[in-house]
Structure formats: C-alpha cells, structure tokens
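*Asks:* So that we are looking at the same thing, I have put the structure below in structure tokens.
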Amino acid sequence: MNHMRFDTRPSPDKATRAPSPGETGKVRASKRGTGALWIVMAVLLFTLAYGGILLVKIQQERETLITEAERSQANAAGYLAERVTARIAEARYALAFASADLRDTPIDEIVPAARARLSAIGDSDIVEDVAILLPDGRTIAAANPGDGLREMAGQALDAPSGLTAEIVDGQPAHLVLAVPVQLSDGTVGAFVARLATDLVLPDWGDERVVALADSNGGMLAIRPQMRSVRAGTPLASRFGLDDAFVDRLAGEGGGATSDARFGEERVTFAVAPIAGTELRVYALGAMRINQNAWYRTISFYGLMFIAPIFVAMGLSALVFTQMGRLRSTRQQLEDNEQRFRVAIEGARCGVWDWNPEADTVFITDSLARILGMETALECSGSEFLRLFSKPDRERLRAAMRGAPAGGEVDLEVLAAHAAVWLQMRGRILPGAVGSDQARIVGVAIDITDRKGAQARVVAAESRLRAALESMSESFVLWDSRHRLVLWNRKFRDAFDFSDGMLKPGMSYAAVEQAAARAIKTVHGGTENKAAYEIELADGRWLHYSDRATADGGMVSVGADITDLKHHEAALTENQAQLRKTVEDVKRSQARIADLARKYEAEKIRAEEANRSKSEFLANMSHELRTPLNAINGFSEIMLKEMFGPLGDERYTGYMKDILTSGQHLLELINDILDMSKIEAGKMQLQPEPTDASELIGQCVRIVRGRAEEKRLQLRADVSDLPEMELDPRAFKQVMINLISNAVKFTPEGGRVTVRGFLSGVGVAFQVSDTGIGIAREDLPRLGRPFEQIENQHSKSHQGSGLGLALSKSLIELHGGTLTIDSVLGEGTTVNVVMPISQDQPIDLDALAEIEADAYSDIDDNDDINRVEALLSEAMDDGFDADDEFVDSATTARLAAGE
C-alpha cells in the first residue's frame, strides 16, 4: 500500500533533502510550461473579450431587427382585428335589427314574421344559416339548422360577446352568433346565426396563421385549419407562452413577441383585442427580419473578428508542443490516482493514517464519505475516536496503543452518527518501527451488509424455529450424512423423548434406536418408498414421509392420522350397509320412473280437458247470449211500459230485477267469452290509429253518472296525447272496467283521477282513487281469473273476478303492462303503459327511469302521496276487486265500437 499518496504533511526527511538534478530539470520544465500557458491564456482572453464585444454588438443589431419585425406583426394583427370587428358587427347589427322588428309582432304572427326576417338575414354573405329559437321549444329556420343549435345558442348567449364556436371532430367548424329577442308576450327567444369563418376571419396567406380566441385564450376559429390544435385549447400555452403575458399584451392594446415556439421553430406571435368585446385576434408567423441588413452586419463584424483569430492561432501553435507534454504527464498522474481511488471506493473502504506520537489521524475522501463527511481531513486522535460509538472508542484506542507490540490492528467498530459497521485493519508503517515518527496505516472496510446478513440469518433461524414449533405435524431435519440437525416439540413428544436426550449431530441410527421403545409397528416402510405409517405403543398412528433436500440431506414430516384410521374402520363397517342402501335406491328409482310416466299421461289429459273447457265455454257463451238478449230487450220494453202499464207496481220491480240480472249475466258471459278466446289464443285485436284522449273521455262520460250518484270527484287529465295504434273496443273496455272499479270501491266524497301522459317507454295511463285500498299481501293474487279479495266492502258488490284479469290480458295483447300500487285504507292506483305503435314494443329495462315522475300531479296534502312509483317491476301482479259493468245500452255501444 502506497501510504505517501495520502500523506499531505511534509516529513523531516523531505524538508531537509536537497533536490536532485533530475528533479531540478523537472521544476524548470514546469516553469517553462507555465509561462507558455500564461501567454496562450492571455491571447485567448483578449480574443474572447474582443469576440464578446463583437457578439454584444451583433446581438444589439439583431434585437433591433426583431423589434421592427414584432412591430410589423402587431400592426398586421391590429388590421386583422379591425376586419373581424367589422364583420362581426355587420352580422350583429343584422340580427339586432331583426330582433327589434319582432319585438312588437303579435305572438300568433311570429312565425311568418320571423321567416321574413330570416330570409333577409340569410341574404348576407357572412351568414351561412340563421334560425330563431322560441321559448316554447320551437325552432324557426329557413333551412334545416342541424343538431345542437339550441345548445350552441345557450353557449353563445352565456358568452359576453354573444359568440361561440361550433365544434366538429375537435375542430371549430363555424362561428355561432346569438342575439336575445324579446317577444310581445314578454318572453325571450334568441336569433342564432352560423357565420362563415373564412369571411369573418380572413386568410393571412404566406404560411401564416390567424386565430380568433376568447378571453381565456380558448380557440374559436383559426385559418388555416390545424389538426394539431384542438378547439377550446389555450393557444398561448400551445405556442410556449404564458397566459398572463398574452393577457397583458392584449390589455395594453395589442403587441407581439418573438419568443413563441411552434414545435421546434421560433415564430412571431402577435395579439390584438377586438374593441367592445373580450375577444382577441392572434397572428402567428415565421419571424421576418430584414435579411439584407442582417447579412451586412454579420459580414462586417466577421471581418473584424478574423484578424485576432489568426493571431491567437499563431501563438497557440508556438506553445502547442510544450502544453501537450505537460498534459500527458499530468494525465498519467491523474490516471494513477484515479485507479487507486476507484479500487478503494469499489471495495467500500477508506485509508487512515494515525501518528501516535503527534496524536493526529489523516482520513481519505472515501473513508470520510463512509463516516458522513464531505472530504478528506486531518484531525486529532480524540476527534477521530468520537466518530465511532462510545463502546468502541476505548477498544480502538487500546488496539492502537498495542499495535507497536503486536504489529497490527484488527477489530470491528460501529460509526457514531450512522448505522455503519467498519472493520479496522492496520499495520505499523514498514521501516518506521522504533522510530520517533512511527505510524499506523490501515484501511477501514464497510461491513454493514455482512452484519445485516448475519442478523437476518439469526432472525430467519429464530422464525424458522418458531414456525416449526407451531406446526401440528412432527418435523425433523437430517444433514447429508444423516445426522440430526433440527427438530420440533411434536417430534420429541411423539416418541416420548426426554429433555436433553436429543442433541444436534446424533446419527440417524442412534435416534431410531432411542425411539424404538415408543413404536409398536411400522407399516409400508421400504427402501424404495418415502412414505410409511407408524403405530405407536399408546394406540396413536403417524404417517411419515421423507424428502431429500438440495444439499443431500433429508426432511421427515409426520402427521397424526389416528382419527383417519378410526374413520377407515367406520367406513369398512358401513360398507355393507351402503350396498344395501344402493339396492333400495335402485328399486326406488324404478318406482319413481313409473310414477313419472303416469304423471306425464295425467298432465296431457289435464291440458286436453282445459282446452275442451275453453272451447265449451266459448260455444256455450254464444248459445246463452241469444236468449239473454231477448230477455233483456223485452224486460227493458216492459220496464219502460212502451205498450201500456203493467198493472201492479210489483211487476215493475220484478222487471227491474229481471233486467239487472240479465244484464249482469250477459256481461259475465261476454267476459267469459273474451277470457276463453284469450286463453285459447283466438282473440284477434284490430289495431288502428286512434285518439286515446277521445276514448278516455267517452269512458269518463259513461261512468260519470254513477260517480255523481256517490258524490265523487271524477277528473280526467289526458290532453296532448299522441295518436296511438290500438284496438279501440278493447282499450275502451279496459278503461271502463278500471274506472268503474275505482268508482265502485271509493266511498262517498272521495276522488277518482284518470291521467294520461308520455313516458320514456310509451304512453302511460293512470287510474287513481281514494278508496278502501288493498292489503299488500293480497296484491300477488290480483289479475287471476275468478280471484276476489274478501273484505267487508267487496261482499256488498257483486262481481265475477274476471274484469281485472281480462283487462290485464287485453293490455298485454297490445304489448303493454298493467300494474297496481295500493295502500290499505288509503287508495289504489292502476298503472297502464302501452306502446305508441305495435312495431315499437315497450323496453322493460327503461320502466324504472320514469318512476320519479309517476305521481307529479297528486296533491301533496293527500295521503295518496305514499303510493309507490307508477311503474313497478311486478309484471305479474293484478287487482282482484269485484267488477261492476255498464247497462245493456253501454254494452251495445261497446259492441258497435263507439
């Protein structure tokens, strides 16, 4: 080890020894090299200073040319801003003039007047298309205005300038100008015009870009179009400029800068505000300076700089050889030092030099960095010892004191201010033993990683032992020579080893001999099998498996299988019983198969009987209606005494009872006939375009008399319904049934409401009442044929239980749904949703989206507000109250399709 490389202190020998002739020559050569270097440096400094002055002058000339180019660009931006202002003002005045004309136009004449104004505005070259948006949602336009017009109008009206951009594929397609219009009825509409961008924003030409932006710098229009610049993007930041800087330029009336960047190219950016608005015009183009003047300036100053360059080159050539030699020598010294430093730092160590006589220690750079210092230093012995932990200081001092006797130092110490372990190794400097200047020179090796690895090994071994002790299996580890290495408590307890009997290093045979007294029998163990079972003397069973390790050792793991052995015995005992059970199951399967065949035959007979019943009911209903029509007709004639009085008043009562019973029976037969047709699949609807509002109005007029008798409020709200494709007779029959049921089960003074409105999936109809209501547990029974809910009120009203089932079936034949929501004692709401056209079935997944609007017209003070959403997902629910039917005249009108 070369100690002198790190010794910065002069020794007595060096201070008194005279330099040799060779050393004197080296000193002189160094002086000559230093003199030549100073000459070269002086020439270079003069050349640099002179060149710097010329560069400053050239830069000043260039800044002047750039300022003139920026002023020209700013003037061009101002001119463009004036043109844009004039174009926008032209369009705005046209819209404002048309708006003033419409202010006094009567609202019923607004459409023709608006079209006339639109035609006049459309003649302008700058306006591509124009429209007026009315408050009621209508749009009046000379041509198809396209989608999104109302949204763009809102954006334009929100903007202080009344101007926005129409965006297509992320690019501004048109400028949109909006002007509010106050109509004669006090409402406010808006004129909206799409402006021709190429006329509002002129093309600057010559590969230059002009853009129109809002106060935030967002792009509204740009010429020519640039796919890399998206609409709404702040243009200033797109060209590498700060938004605040651009706002300051615009606030000062406009200006320009040449610090903008377009990709890697430097460009001139100018901004000019549009008077009276927050809009501004950006002009972007390549920086255009006076090239002729610039070339003349460069040529002039270049000639002034050439002469000093030649002088500097000549002087440099004179000292080139000497400087080359000097650099070569210096490079060799630096390479040698660098190799040594790399070797020391790569080994994560440093060099120390302790002078016990002077009690000083020299520390190299690498060791200083390990100890948390920045550079090499020389310190006292006590300061050096304070760099290490307190327990290690005395050990280190004692080792240094004993070094002259022992000849070397070797110990491990911990740094005081960092978690770093060092191994201090040193020896007495050769040739200095016994002298007054004896030194101890050594290295400090960073062994922190080794210490950490040792700690991790200890921790891993501790965790391994804890894991082995927590295992439920017996575990033992043998080395490659089959000697005992590691075991757990389960292994010791399994073979009843006493404490201290097992010791690391015991042979496999010795351990096996010690365990033999606890073993009764070994089953399955052979030389070729690694698994075997051991029956212990106390009755327990162990299953052992041996596995070889990577280093040639062996791991033995034993599991307690006593319970498994007992379970195997139980399984063997139950095997015979299981065979018997299997035979019983096979016989049961044969009987089940026979019963299944019989069930299938009975099912087929039941279905045939049901079809025969439906056909019988349909045929008998036709046979019964013929005599009933005669009975009802003659009873009505006799009741009205068309051919004279009946005589006794009791006959009148008898005729009324006969007529009422006949009408009820006829209606029952009609319902049975319709239900039979539906069940048999023979019901054919006759859909046609129909005004549902008119049909509901007829139904309300038919039932209104009965409602007035009970002093009920019967209200219908079915205006503005679209024309629907449905069977008028079937739909009318459904609505009369629903309204009649609501009237029948609503006490006096109550209210029945019929509503119709457009929903997200079709047309919804709602019949709500404040009647007796239905218990929640009874709702699943509703809608089934002949089902009735038994309560005190239903007992006083006759009915077959077919009305609601028939109504539900007719609605489903139309592709609609019928659901019921009810609260006992508060009221019932029947909800019907039907498609507008038979070609557009209802989307059941969209029903939930209209639940929030289901009861928007119900009085907030009414208890019916607790009714759930209009359209529930219980598509199989129904209403099982008694149905009340209309008189024979009503039936005749229904049959006629009125």
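Each residue of the sequence shown is one higher than the last, beginning at 116 in this note's numbering. All residues carry an ideal CB built from backbone N, CA and C; glycine is no exception. Owing to the predicted nature of the structure, the values given are computational and were not obtained by experimental measurement.
#1: Please name the residue or residues paired with C464 in a DSSP beta bridge.
#2: State the CB to CB distance for the pair L310 and G304, rounded to an integer number of angstroms; the pair is presumed to be in contact (CB under 8 Å).
#3: Can you tell me whether DSSP reads R403 as helix, strand or coil?
#4: Grouping DSSP H, G and I as helix and E and B as strand, with all else coil, what is S495?
#5: Leaving out five residues before and five after E178 in sequence, what residues of the same chain have Cβ atoms less than 7 Å from its Cβ?
#6: Could you check whether D244 and A308 sit closer than 9 Å to each other, using their CB atoms as the reference points?
#7: Could you check if W469 is buried or exposed, using at least 16 other CB atoms within 10 Å of its CB as the buried criterion?
#8: So, under 8 Å CB-CB, L810 and L928 are touching, yes? Tell me the CB distance rounded to an integer number of Å.
#9: Quick one, which of E472, R516, F477, E738 has its alpha-carbon nearest V466's?
#10: Here's the rule I'm using: 16 or more other beta-carbon atoms within 10 Å means buried, otherwise exposed. How should W536 be labelled?
#11: Can you tell me the Cα-Cα spacing of G541 and T479, whole angstroms?
#12: Residue range of the beta strand (DSSP E) that L841 falls in?
#13: If you measure between the beta carbons of E648 and I634, is that distance less than 9 Å?
#14: Could you tell me the alpha carbon to alpha carbon distance between Q175 and A184, rounded to whole angstroms?
#15: Could you tell me which residues DSSP puts in a beta bridge with D666?
#16: Along the chain, where does the beta strand (DSSP E) that runs through P287 open and close?
#17: So, with DSSP's three-state summary, where would you put R501?
#18: Should S791 be labelled buried (16 or more other beta-carbon atoms within 10 Å of its own) or exposed?
#19: Skipping 5 residues on each side, what residues in its chain have a beta carbon closer than 7 Å to that of G332?
#20: Put E380 into one of helix, strand or coil per three-state DSSP.
#21: How is the alpha helix (DSSP H) around V818 delimited, first residue to last?
#22: Assign N734 to one of two classes, buried (16 or more other C-beta atoms within 10 Å of its C-beta) or exposed (fewer than that).
#23: From what residue to what residue does the alpha helix (DSSP H) around G777 run?
#24: Give the secondary structure of M850 by DSSP, where H, G and I count as helix, E and B as strand, and everything else as coil.
#25: Counting Cβ pairs, one atom from each stretch, are 3 or more of them under 8 Å apart for the segment 655-663 and the segment 573-587?
#26: Where do the ends of the alpha helix (DSSP H) carrying Q270 lie?
#27: Could you spell out where the beta strand (DSSP E) holding H635 opens and where it closes?
#28: Taking the Cβ atom as the reference point for each residue, do S855 and V878 lie within a distance shorter than 9 Å?
#29: Tell me whether the beta-carbon of T885 lies closer than 9 Å to the beta-carbon of M839.
#30: Quick one: using the 10 Å Cβ neighbour count with 16 as the cut-off for buried, is P843 buried or exposed?
#31: Do you know whose CA, among V938, G875, A491, lies nearest D893's CA?
#32: Given L774, which residues of its chain have a CB within under 7 Å of its CB, disregarding the five upstream and five downstream residues?
#33: Going by CA-CA distance only, name the one from F354, G378, D450, R323 that's closest to R403.
#34: If you check the beta carbons only, do A196 and V396 fall under 9 Å apart?
#35: Examine the Cβ distances between the segment 860-879 and the segment 941-959 and report whether three or more of them are shorter than 8 Å.
#36: Applying the 10 Å Cβ sphere with the 16-neighbour rule, what's the burial state of L448?
*Replies:* Reading from the atomic positions:
#1: I560
#2: That pair is no contact at about 19 Å.
#3: Secondary structure of R403 (DSSP, three-state): coil.
#4: DSSP, read as helix, strand or coil, puts S495 in strand.
#5: none
#6: A contact, by the Cβ cut-off of 9 Å.
#7: Burial state of W469 is buried, judged by a 10 Å Cβ sphere holding 16 or more other Cβ atoms.
#8: Going by Cβ atoms, the distance from L810 to L928 rounds to 17 Å, so no, they are not a contact pair.
#9: F477
#10: buried
#11: 15 Å
#12: 839-841
#13: Contact flag unset, no.
#14: If I take the Cα positions, the gap works out to 14 Å.
#15: Bridge partners of D666: none, in fact.
#16: 286-297
#17: DSSP places R501 in coil when its eight states are reduced to three.
#18: buried
#19: P349, L350, A351, D358, V361
#20: strand
#21: 807-824
#22: N734 should be labelled exposed.
#23: According to the DSSP assignment, G777 belongs to the alpha helix (DSSP H) that extends over 764-795.
#24: helix
#25: no
#26: 264-273
#27: The question names His, but residue 635 is Lys in the sequence shown. From DSSP, the beta strand (DSSP E) with K635 extends over 634-638.
#28: no
#29: no
#30: buried
#31: V938
#32: N747, S750, E751, L754
#33: R323
#34: yes
#35: Between the segment 860-879 and the segment 941-959, the count of C-beta pairs closer than 8 Å reaches three or more; the two stretches touch.
#36: Exposed.
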